[in-house]
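Report on the structure given below.
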Amino acid sequence: MSTPPSSSTTTGSNGDLIGTVAGPGDGPNEFFIVTPDEQAVKTGEFITYSVTVEGTPRDVIARVTNREQARGLPETFMADPHVAPEAVAGTLGVPTEDIDLYRLEATVIGFYDTNMETFSNPRQLPRPGTQLRTAPDAMLEAVLPNLGVGAADARTESGVVTLSSVDVTARDGLAHMGWLLNRETGAVDLHVPIDEFAATHLAILASTGSGKSYTAGVLMEEMMKPDVRASLLVFDPHGEYGSLSEMRGEDMFAGEDGYRPEVEYFTPENLRIRISELSVGDVMAVLDNPSDRMQERLAEGWRTMQQRESRTWGVDELLDEMRNQYGTDDASVGALEWRLRRSIQRNELFTTDMNVPLDDLVAPGRCTVLQMDTLSRRDQQMIATVLLRRLYQARLAAVRERGDDPNFDGDIIEFPLFSLFEEGHRFAPATGDAPSLGIMRTITSEGRKFGFGLGIISQRPSKIDQDVLSQCGTQVTMKIQNPTDQKAIESSVEAAGEDVLRELPGLTPGQAVVSGDAMNTPVLIQVRQRHTQHGADSIPATEEWRTAHEQRQEQPTRSEGADMGGGDSSGEVDLLGDR
Ligand SMILES: Nc1ncnc2c1ncn2[C@@H]1O[C@H](COP(=O)(O)OP(=O)(O)OP(=O)(O)O)[C@@H](O)[C@H]1O
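For the sequence shown, our numbering gives the first residue as 323, with consecutive numbering after it.
See below:
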């Protein structure tokens, strides 16, 4: 069955006239524009023109990708910094009005097709002389993000389909991230569909200090609002999300039914890993250089232990099992004993019995932050490995309706999950050296089917496993200067076009390119301010030094404190002791 022709759409109120088409550009979708008004049109601006496609009038949107001066005052007029070029022009009787002429290059994005619910390429460039206008704010709000706006959404009471009439703020499940950078503050708000990035994963990439965790905080706030009530799990290696609990007290997060987001913090003390939850691969990753023979013995011993009904065995039981199999004086088992005791038994992270219940960890309307700043990188990876694996299995069980099987005694989680990783390259490194990489690859490639989304935050995109990064369907990219990281973004972030990527080095904190599945076309935005405090500001060193010094001045020095009277204390500690 063929798709019916989509209804004609109009932009509603037209934007300002900015220039006319000069002719075709370098590529098949590009054209040049001549405009006298350099202020109105910046690179990245969305412009529109009307064209008839297969008998239907369409408003096509294009993005300005380049701007250069076509005509201006001669350079010699600018040679003397003390005399304004206009004064030189006036003295010589040269007219200066409208002398500046700009040549812009624009790329066609397409007209918004309400049947396809996305942009459609008209496959024809506008004729020279076609008038161009700035695209209306309200229309851009409806069509830039992937909101699935259809004809029914855009039809006014009089029956006309007008994209500008769509009220995106009335929709549930959208994250208000900020507004288009090229327009006035708040003129074109960007609301991205949470369902999209929660299903096909998210990457937030930027150099340090560019606003990654701030933006992640904005998204988490949006996900905890009453119309979303997400189940969020945050792996926080730096303890940056302590302030999220403020959401509970803010009215904007309160639902009419009494809903308030829960924010739970877990520290390593309540995140212990039961040894039987580990796979033999996880154990190998924490052992010191095991030989091939040790690995064979361990794999066999581990397999036998996992077949036992009891799930509360530990290193001692495992060693007994291996000695049973290979004899009490087997040298490889002896060498394994030392390694297992050192890396597993003496590490407080691992226990034989305790296992954090998944119900405590995740729930709809709950944001759980795993504060792991006191743990080693390997231990952080181990926690991620085991928890992700358990959560994934529990989602798999729900989707496969294992709950109907009376013999099934595993965990089941009946609602989708979204898990966010600060320092994502630590958990899914390009080097492959992390036990968590395998399960992160599995979730990013399969999670969509099981309602398990991942969000990867990183300042080093080139250090993230490329399979994981390229599976992150929505990308928020902020200032990136390092050329290797820019290359990694270019190759893995397909949706962000070359012209948008060119912007990255020049962005300032809080400015971001949003691209991918949640968008119909990439956009440059200013990320909105957070409702809760940002918890990751740098420590103001000079202020803290001054305060610390003042406090020290007020306290007695150590030798004064120790001097109980009668002594001759100078307040100085004699480092060499009595001589
Ligand atoms: N949208 C924004 N609005 C206002 N301020 C912002 C915004 N985004 C970032 N900032 C400010 O920029 C600074 C850096 O932001 P942030 O801590 O999120 O950077 P980061 O990229 O996560 O850095 P790091 O890699 O060091 O964790 C913060 O002080 C924050 O207050």
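Yeah, the Cβ is synthetic: ideal placement off N, Cα and C, and Gly gets one too.
Proximity of the beta carbon of Ala528 to ligand 1 is indicated: a heavy atom of the ligand is located closer than 8 Å. One alpha carbon belongs to Asn592, the other to Glu584, and they sit about 18 Å apart.
In the structure shown, Pro844 falls within a coil segment according to DSSP collapsed to helix, strand and coil. Across the structure, Ala492 and Asp675 are spaced so that their CA atoms are roughly 49 Å apart. Cβ neighbours of Gln793 within its own chain (closer than 7 Å, five residues either side excluded): His523, Thr766 and Ser767. Remark: fewer than three beta-carbon pairs, one from each stretch, lie closer than 8 Å, so the segment 389-404 and the segment 446-462 are not flagged as touching. In the three-state scheme derived from DSSP, where H, G and I count as helix and E and B as strand, Asn611 is classed as coil. The criterion of a C-beta distance shorter than 9 Å is not satisfied by Val845 and Leu527. Gly341 and Arg688 have their alpha carbons spaced roughly 51 Å apart. Not one heavy atom of ligand 1 lies closer than 8 Å to the C-beta of His513. Within the DSSP secondary-structure output, Glu352 pairs in a beta bridge with Thr429. The count of Cβ pairs closer than 8 Å, one atom from the segment 530-539 and one from the segment 475-495, stays below three, leaving the stretches out of contact.
Counting along the chain, Trp501 sits inside the beta strand (DSSP E) bounded by residues Leu496 to Leu502.
Distance from Ile734 to Val684 at the Cβ level is roughly 12 Å; contact not present, criterion being Cβ atoms closer than 8 Å.
Around the Cβ of Gln702, a 10 Å sphere holds 16 or more other Cβ atoms; the residue is buried. In chain order, Val585 place their CB closer than 7 Å to the CB of Ser567, counting only its own chain and leaving out the 5 sequence neighbours on each side.
DSSP places Ser565 in no alpha helix (DSSP H); its state is neither H nor E. Pro450 sits away from Tyr371, with the two beta carbons spaced by 9 Å or more.
Under the three-state reduction of DSSP output, Pro515 falls in the strand class. The DSSP assignment places complete beta strand (DSSP E) segments of no fewer than 3 residues inside the segment 515-561 at 524-527 and 553-558, in order along the chain. Apart from sequence neighbours up to five positions away, the residues of its chain that approach Ile431 with a beta-carbon distance below 7 Å are Ile383, Ala384, Arg385, Phe441 and Thr843, ordered along the chain.
Closest in alpha carbon position to Thr452, among Leu339, Gly481, Glu390 and Asp517, is Leu339. Here the alpha carbons of Thr830 and Ala409 stand approximately 36 Å from one another. For Val691, the enclosing beta strand (DSSP E) starts and ends at Arg688 to Gln693. Assignment of Arg630 by DSSP, reduced to helix, strand and coil, places it in the coil class.
Three or more beta-carbon pairs drawn from the segment 703-719 and the segment 594-607 are found closer than 8 Å, and the two stretches are therefore classed as touching. DSSP, reduced to helix, strand and coil, places Glu622 within a helical segment of the structure shown. At least one heavy atom of ligand 1 lies less than 8 Å from the C-beta of Lys534. Remark: the shortest separation between the CB of Pro358 and any heavy atom of ligand 1 does not fall under 8 Å. Rounded to the nearest angstrom, the gap between the Cα atoms of Lys801 and Leu609 is 39 Å. Here the distance from the Cβ of His560 to the nearest heavy atom of ligand 1 is below 8 Å.
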